[in-house]
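Below is one structure, written out as structure tokens; the observations come after it.
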Amino acid sequence: MAEDMKQAALDYHAHPRPGKISIALTKPAETARDLALAYSPGVAEPVREIARDPELAYKYTGKGNLVAVISNGSAILGLGNLGALASKPVMEGKSLLFKRFAGVDSIDLEVESESPQAFIDTVKRIACTFGGINLEDIKAPECFEIEQTLIELCDIPVFHDDQHGTAIVTVAGMLSALELAGKTIEKARMVCLGAGAAAISCTKLLISCGLKPENVLMVDSQGVIHTDRTDLNQYKAAFAVETSHRTLSDAIAGADIFLGLSGPNLLSPEQLKLMADNPIVFACSNPDPEISPELAKTVRPDVIMATGRSDYPNQVNNVLGFPFIFRGALDVRASRITEEMKIAAAYALKELAKESVPEEVLEAYGLDSLKFGPEYIIPKPLDSRLLGAVSAAVARAAVDSGVARLPYPAHYPLNTMDEIIY
10 MAEDMKQAAL
20 DYHAHPRPGK
30 ISIALTKPAE
40 TARDLALAYS
50 PGVAEPVREI
60 ARDPELAYKY
70 TGKGNLVAVI
80 SNGSAILGLG
90 NLGALASKPV
100 MEGKSLLFKR
110 FAGVDSIDLE
120 VESESPQAFI
130 DTVKRIACTF
140 GGINLEDIKA
150 PECFEIEQTL
160 IELCDIPVFH
170 DDQHGTAIVT
180 VAGMLSALEL
190 AGKTIEKARM
200 VCLGAGAAAI
210 SCTKLLISCG
220 LKPENVLMVD
230 SQGVIHTDRT
240 DLNQYKAAFA
250 VETSHRTLSD
260 AIAGADIFLG
270 LSGPNLLSPE
280 QLKLMADNPI
290 VFACSNPDPE
300 ISPELAKTVR
310 PDVIMATGRS
320 DYPNQVNNVL
330 GFPFIFRGAL
340 DVRASRITEE
350 MKIAAAYALK
360 ELAKESVPEE
370 VLEAYGLDSL
380 KFGPEYIIPK
390 PLDSRLLGAV
400 SAAVARAAVD
410 SGVARLPYPA
420 HYPLNTMDEI
430 IY
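Under my numbering, the first residue of the sequence shown is numbered 10, with each subsequent residue one higher.
In structure tokens form, the structure reads like this:
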């Protein structure tokens, strides 16, 4: 990052007041009567009602529109295990995005925990405060155990965004890219470089959408994940296949898709040349992708490419997913986020990319035009239509998959922030 950008980022977080979020009042507190209703003695009435029926917490408190963003700081962005407190700017940032894009109130919680079980115990004890829990920046493989256990223990949505948010946006873009390349997901061959939380979740969701497990080769730092290896944890072992391929160069020959969630400059031009016609390359390592778009297009002009960066087309950006996924889940009071809800979100993103792009989106990005094609396979984050399209799809899928405790809202689909009814 350039020195002026570093200072600008520090100044942004420090001034005019530290941090990125604050607490706002939703009720008047100007008169003695206001205070009597807000606190003692008036507050006793909703307390009694909630004690009688816990579901009334959604009527008398902000629980139904409140999401906790929780981390132990063990895998902060691309910076590694820097501890719980160091993760706070990232968690505040997620809270900012929840509010900015979907009107969801959010509070960040950084947990110092000596073990996955200690983290689980802490989150479980406070879960009743919230309508949903967004787990963030927790290292693999602990993140799998933590999320699955909390899903089983809690009756509200628990969602590890590093896994599923990345997967949903990746799948949306991948489905668009396959369509443009004239290929089907059922016949496509994919190489996934990386075997962490995001890579495993992306691959699982692609399989749920039709990718054949036998057409997937996953590659970690030791090479291709195959059935003869004895160093695999249970999560990697699920993707082990019988194959003679041992290296990335072996695996990528003839592949239709390269999915990179690993590190910078790990896909060489020579390896890219080995891929099938109209190759699809998602080089999502940040800040530096597995291969730069400039180099990739020089070697393979027929490539359809996405990265994790905002300065290139087709950014795989989690903000396209998590605010709207939680919005839809909260609006039907879902008890969890199901595979059907994730798939619905991915397809909603894919279909939105095929619609005409509003003028305000073009203006926001300084573009004259934008239409579905190799340079535009997923919507832009500042597209206000995301709120209606993705949230509505998630809410409908929650109802259809039987995890919603409220019917599909009459006010859906949403088109503007003002239409949200809490």
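Note that beta-carbon positions come from the ideal geometry of N, C-alpha and C, so glycine has one too.
No experiment lies behind these values; they were computed from the predicted model shown.
- The three-state secondary structure of Met284, taken from DSSP, is coil.
- Excluding its 5 nearest sequence neighbours in each direction, Ala190 has C-beta neighbours in its own chain below 7 Å: Asn287, Ile289 and Ile313, listed in chain order.
- Classified as buried, Tyr385 has 16 or more neighbouring CB atoms from the shown chains inside 10 Å of its CB.
- The Cβ atoms of Ala149 and Ala93 lie no closer than 8 Å to each other.
- Each residue's CA atom was taken as its position, placing Ile160 and Arg342 some 15 Å apart.
- Per the Cβ contact rule, the segment 210-225 is not in contact with the segment 386-399 (fewer than 3 Cβ pairs under 8 Å).
- Contact between Arg198 and Asp265 holds: their C-beta atoms lie close to 5 Å from each other, under 8 Å.
- Taking one beta carbon from each stretch, the segment 364-372 and the segment 170-185 have fewer than 3 pairs nearer than 8 Å; the two do not touch.
- A check of alpha carbon separations from Val399 across Ala357, Leu415, Gly411 and Pro383 identifies Ala357 as the nearest.
- Between Val408 and Ala338, the gap from beta carbon to beta carbon reaches 8 Å or more.
- Counting the other Cβ atoms within 10 Å of the Cβ of Pro50 gives fewer than 16, which makes it exposed.
- Less than 8 Å divides the Cβ of Cys163 from the Cβ of Lys133.
- Going by C-alpha positions, Ser210 is about 20 Å away from Asn81.
- For Phe267 against Val200, the beta-carbon gap comes to about 5 Å, under 8 Å, which counts as contact.
- Cα atoms of Glu349 and Leu65: separation of roughly 28 Å, rounded to the nearest angstrom.
- Between the segment 124-133 and the segment 96-112, the count of Cβ pairs shorter than 8 Å is below three; the stretches do not touch.
- Between Leu202 and Leu91, the C-beta gap is not smaller than 8 Å, which leaves the two residues out of contact.
- Per DSSP, Ile116 is one residue of the beta strand (DSSP E) stretching across Asp114 to Glu119.
- For the pair Pro55 and Cys152, the Cα-to-Cα distance works out to about 37 Å.
- Distances from the alpha-carbon of Asn326 to those of Cys293, Ile30 and Ile352 put Cys293 closest.
- Distance check between Ser410 and each of Tyr421, Ala305 and Ser344 places Ser344 closest, using alpha-carbon atoms only.
- Rounded to the nearest whole angstrom, the C-alpha separation of Ser319 and Pro383 is 16 Å.
- Sequence-distant partners of Ala262 (beyond 5 residues in either direction) whose C-beta falls short of 6 Å from its own C-beta, in its chain, are Leu283.
- Contact between His254 and Val233 holds: CB atoms are separated by about 5 Å, below the 8 Å threshold.
- Judged by beta-carbon spacing, Ile387 lies within the 8 Å limit of Ser185, meaning their Cβ atoms are closer than that value.
- In this structure, Ser301 is the residue among Ile147, Asn242 and Ser301 with its C-alpha nearest to the C-alpha of Thr316.
- Lys359 is not a Cβ neighbour of Tyr374, given a cutoff of 8 Å.
- Each of Ile147, Ser230, Leu257 and Tyr421 was checked against the Cα of Asp340, and the nearest Cα belongs to Tyr421.
- In this structure Thr158 is in contact with Ile129, their Cβ atoms being roughly 5 Å apart against a cut-off of 8 Å.
- With distances taken between CA atoms, Phe331 lies nearest to Ile142 out of Thr307, Ala249, Ile142 and Ser124.
- The secondary-structure analysis by DSSP pairs Met227 across a beta bridge with Cys201.
- Our two residues, Ala41 and Gly140, have alpha carbons roughly 31 Å apart in a direct line.
- For Asn143, the secondary structure class from DSSP, reduced to helix, strand or coil, is strand.
- In the structure shown, Phe248 adopts coil according to DSSP, grouped into three states.
- Beta bridge pairing from DSSP links His169 with Leu144.
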